[in-house]
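Chemist: Heads up: the sequence shown begins at 0 in numbering that gives the first Met the number 0, then just goes up one per residue.
Quick one: structure below, then a few questions.
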Amino acid sequence: MQDYASNVLELTINTTETNFGPAFPKAESDQESDAQLGLMRIVNGKAQPPIEELTCDPAGTVIGALATGPHAITNVGFDVSRNYLRIWRENGTWWVKGLSSTNGTTPISGDSRKIYTIEPPRAQREPGKDYGPVEISMSDTLCLGTTIRFLVMDLAGSDRDTQKVHDAGNER
0 MQDYASNVLE LTINTTETNF GPAFPKAESD QESDAQLGLM RIVNGKAQPP IEELTCDPAG
60 TVIGALATGP HAITNVGFDV SRNYLRIWRE NGTWWVKGLS STNGTTPISG DSRKIYTIEP
120 PRAQREPGKD YGPVEISMSD TLCLGTTIRF LVMDLAGSDR DTQKVHDAGN ER
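The following block contains the structure:
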């Protein structure tokens, strides 16, 4: 919205900051880095509940037809592998990486609508090439294979203070 307003309408959208005195602490300005994200599956252009909360645990969330663990998401279709991709937060940034799936993963940027490749379908991969992680954010769409879509959403009201990511040296 901010990009649209500034680029197309040549406007700036800001909220006036007020001061209510010492009884009301100033709001944190870095809420973006503390964003708690979730995924909403999209089927035939329509949202399909539930919203799946992504974990801030360093191990992250694994999506797949047979994914296991406390933070696994298995609400997927027929063209999604056992363990398809992993999403995690590191130093306030959310990342996604393919787990050698058969059908590949492409996110669509919610800001620019640009399509990125996380991991191409297995038949199109370059031998020996490591397909590193790609940053994701609110309003991106994750395309798993040819039929599965997840909208990345900001979850309001989550308990951000208790969900901390540990050191940046976590394995990806």
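C-beta atoms are modelled at their ideal positions from N, C-alpha and C, and glycine is treated no differently.
Would you mind listing the beta strand (DSSP E) stretches within the segment 30 to 68 that are 3+ residues and don't spill past its ends, in chain order?
Modeler: 36 to 42, 45 to 52, 60 to 62
Chemist: For T116, which residues in the same chain have their Cβ closer than 6 angstroms to its Cβ, ignoring the five residues on either side in sequence?
Modeler: T105
Chemist: With C-beta atoms as the reference, is V151 less than 8 angstroms away from L143?
Modeler: no
Chemist: Check whether the segment 65 to 73 touches the segment 130 to 140, taking contact to mean three or more Cβ pairs, one atom from each stretch, closer than 8 angstroms.
Modeler: no
Chemist: Report buried or exposed for G127, applying the criterion of at least 16 other Cβ atoms within 10 angstroms of its Cβ.
Modeler: Result: exposed.
Chemist: At what residues does the beta strand (DSSP E) containing E125 begin and finish?
Modeler: Here E125 belongs to no beta strand (DSSP E), and DSSP marks it neither H nor E.
Chemist: Tell me the DSSP bridge mates of R148?
Modeler: I41, C142
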